[in-house]
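Written out below as structure tokens is the structure these notes cover.
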Amino acid sequence: KHDIMKWNGWGYSDSRFLFNKKGQAEFTGKRYRLSGLILPSLKDWFEGTFGANLQHKSPPALNVSAVPPPNLNESFVEELKAAGVALSQEPEDRVFRSHGHCLHEIFALREGRISRVPDLVVWPSCHNDVVKIVELACKHNVCLIPYGGGTSVSSALECPPEETRSIVSLDTSQMNRILWIDEKNLTAHVEAGIIGQDLERQLNESGYCTGHEPDSMEFSSLGGWVATRASGMKKNIYGNIEDLVVHIKMVTPRGVIEKSCQGPRMSTGPDIHHFIMGSEGTLGVVTEVTMKIRPVPEYQKYGSIVFPNFQQGVACLREVAKQRCAPASIRLMDNEQFQFGHALKPQVSSIFTSFLDGLKKFYITKFKGFDPHHLCVATLLFEGDREKVLQHEKQVYDIAAKFGGLAAGEDNGQRGYMLTFVIAYLRDLGMDYYVIGESFETSVPWDRVLDLCRNVKERIVRECKERGVQFPPLSTCRVTQTYDAGACVYFYFAFNYRGLSDPIHVYENVEHAAREEILANGGSLSHHHGVGKLRKEWMKEAVSTVGLGMLKSVKEYVDPSNIFGNRNLL
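Residues in the sequence shown are numbered consecutively from 1, following full-length UniProt numbering.
Written as structure tokens, this is what we have:
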């Protein structure tokens, strides 16, 4: 994993945005649709949006030598070795598993600042290994922090600095097998350490899929999805993780939790699965999951729609949700995000393509009268039986037309969908030039969507100005999931931090204010990122005093010695 992944940034080591010697933006590597391509508009957009100067670089430090020595519980280590469990106390292994991908975590690594890291990393290879590790941790009073794909954006993987016990990162990556596929019941029993892209690829080889595609699916794990109550881009057809799970096996300090039956639904008191899903590593380790699967869809088609403004776009998505005809994925980008996406468009390969793009722009802006500074774009993905997809597509486009929407082609839809997997790499580019940024999300009732989007974006701009940010920030959002009673909204914000003595402190204050604004406008604490340590100060407000007390009581019973001591959530 160390050989192919960045230790202080997002994703694969060979994949990154950069400005080459000619000053052109490009994306390196061979793994993505953008890989190896020149992006002629990105430089102007980047400089214009952030006031960045490409002559002023802020390269990362490459120092891992400052890793503190491990605080080992020698008796625990000896018994692990006797049990045949793979382990390591090497600095690289420990640092790699000491963080997720919150801005402050990556910024600190880039500056060579390394604080508390796990003292030991262990790699169980199966459920029984986890049982043994947890038993030994209880015996020797060792703190365990489960680690899946490492993509957390809630500070969930940070080691509590006040923890005096030996901290052990329990890395589930070697528990990565599909144990069986049941074709009669369309279920698959899978070890929880498997990474999303590996799960889908292996199921596809047998003609099946789960359809669960979170933005992080290349790197995040099945166990992580369960532990954070994850959501995928195609949830309109396949559901969120809570809709896909049939059975969960979890190892806790009290023993193993699992149901005796794999029936599709039960009325046996509160659902035990809902104590596990969203528990964020505070109760135990998810080891095996039975999931619903489906045959790989026969037909897939992308699409896109241009709207004259964000209000019309939101009204269209509301109507699509009301009529329950949403495609597998439908996402509405505001104008700022549209401009951002346009800046990532690769260099065209022919004069004819350039001419066609010019004609489309002329038709939309001049003939139809769309203002390029207000228009917004929805990207679509349809899946299923070909005939039904085409009927479905017509229904959605007919609704869009009632709200001033114009079909904008398959290519724009596919490009917008695939950009999801490379956008995270842009933060590393930004940090190379004194620009920091982050994303966060919420869910909100339909009647509050527009107010929430406007107020949060304005609050970010206002807070940045008040805190000394010299150039206006990027403040943008998209409606990324639709439901009967509301939507998920995803925000990005970024700013040039040159001139700030403590940019992370400024960023954290701005994000805190944005979260307060979300809650004041009827939004949830989180839709799918989870709580971790980053957002737990609002948990009482989110679930009530009694609700928080219930969760704490479960923790106290299941884990009385706080073996799973990551201090998330509660």
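Cβ atoms here follow ideal geometry from the backbone N, Cα and C, with glycine treated the same way.
Keep in mind it's a predicted model, so treat the numbers as computed, not measured.
Secondary structure within the segment 399 to 465: the alpha helix (DSSP H) runs of 4 or more consecutive residues, fully enclosed, are 410 to 419 and 426 to 431 (chain order). Taken atom to atom, the span from the alpha-carbon of valine 130 to that of valine 85 is near 9 Å. Counting along the chain, serine 475 sits inside the beta strand (DSSP E) bounded by residues 474 to 482. Judged by their CB atoms, lysine 234 and alanine 378 are not nearer to each other than the 8 Å cut-off.
Per DSSP, the continuous alpha helix (DSSP H) segment holding threonine 545 begins and ends at 545 to 558.
Note that the C-beta distance between leucine 34 and proline 346 is below 8 Å. Closest option to histidine 512, judged by alpha-carbon separation, among Arg459, His527, Arg201 and Val67: Arg459. Separation of glutamate 537 and isoleucine 563 (C-alpha to C-alpha, rounded to the nearest whole angstrom) is 22 Å. With contacts defined by Cβ atoms closer than 8 Å, serine 15 and arginine 31 form a contacting pair. Below 8 Å, enough C-beta pairs join the segment 421 to 439 and the segment 105 to 113 to call them touching: three or more.
C-alpha of valine 456 to C-alpha of leucine 332: approximately 17 Å in a straight line.
For phenylalanine 564, there is no enclosing beta strand (DSSP E), since its DSSP letter is neither H nor E. Shown here for lysine 555: same chain residues with a beta carbon closer than 7 Å to its own, the five before and five after excluded, namely Thr282, Leu283 and Leu570 in chain order. In the DSSP annotation of this structure, threonine 282 is not part of any alpha helix (DSSP H), being labelled neither H nor E. If only uninterrupted beta strand (DSSP E) runs of at least 3 residues are considered, those enclosed by the segment 171 to 249 are 178 to 182 and 187 to 191. Phenylalanine 340 and phenylalanine 50 have their alpha carbons spaced roughly 12 Å apart. In the DSSP secondary-structure assignment, proline 146 is bridged to Leu170. In terms of CA proximity to arginine 177, Ile194 leads the group Val256, Ile194 and Glu258. A Cβ-Cβ distance of about 6 Å is found for the pair leucine 120 and leucine 72, placing them in contact under the 8 Å criterion. The C-alpha of asparagine 236 lies about 7 Å from the C-alpha of alanine 326.
Restricting attention to beta strand (DSSP E) runs no shorter than 3 residues, the segment 280 to 329 encloses them at 285 to 292 and 299 to 307, ordered along the chain. A Cβ-Cβ distance of about 21 Å is found for the pair leucine 144 and valine 153, leaving them out of contact under the 8 Å criterion. Assigned with DSSP and collapsed to three states, threonine 379 falls in strand. Isoleucine 257 sits in a strand when the DSSP states are folded into three classes. Between threonine 151 and histidine 101, the CB-CB gap stays under 8 Å. In the DSSP secondary-structure assignment, serine 88 is bridged to Val121. For cysteine 138, no beta strand (DSSP E) run applies; the uninterrupted alpha helix (DSSP H) run containing it begins and ends at 127 to 140, by DSSP. Membership of tyrosine 492 in any alpha helix (DSSP H) is not indicated; the residue belongs instead to the beta strand (DSSP E) covering 486 to 496. Residues of the same chain with a CB within less than 6 Å of the CB of glutamate 258, apart from the 5 flanking positions on each side, are Lys249 in chain order. Beta-bridge analysis with DSSP links leucine 39 to Ala25. Counted as a single uninterrupted DSSP element, the alpha helix (DSSP H) harbouring phenylalanine 340 occupies residues 335 to 343.
Per the C-alpha coordinates, the member of Lys1, Asn412 and Val314 positioned closest to aspartate 171 is Lys1. Distance from the CA of glycine 148 to the CA of lysine 81, rounded to the nearest whole angstrom, comes to 22 Å. A Cβ-Cβ contact shorter than 8 Å links threonine 210 with leucine 199. Per DSSP, phenylalanine 275 lies in no beta strand (DSSP E); the unbroken alpha helix (DSSP H) holding it starts and ends at 273 to 276.
Restricting attention to Ala137, Gly255 and Glu183, the CA atom closest to the CA of isoleucine 167 is found in Ala137.
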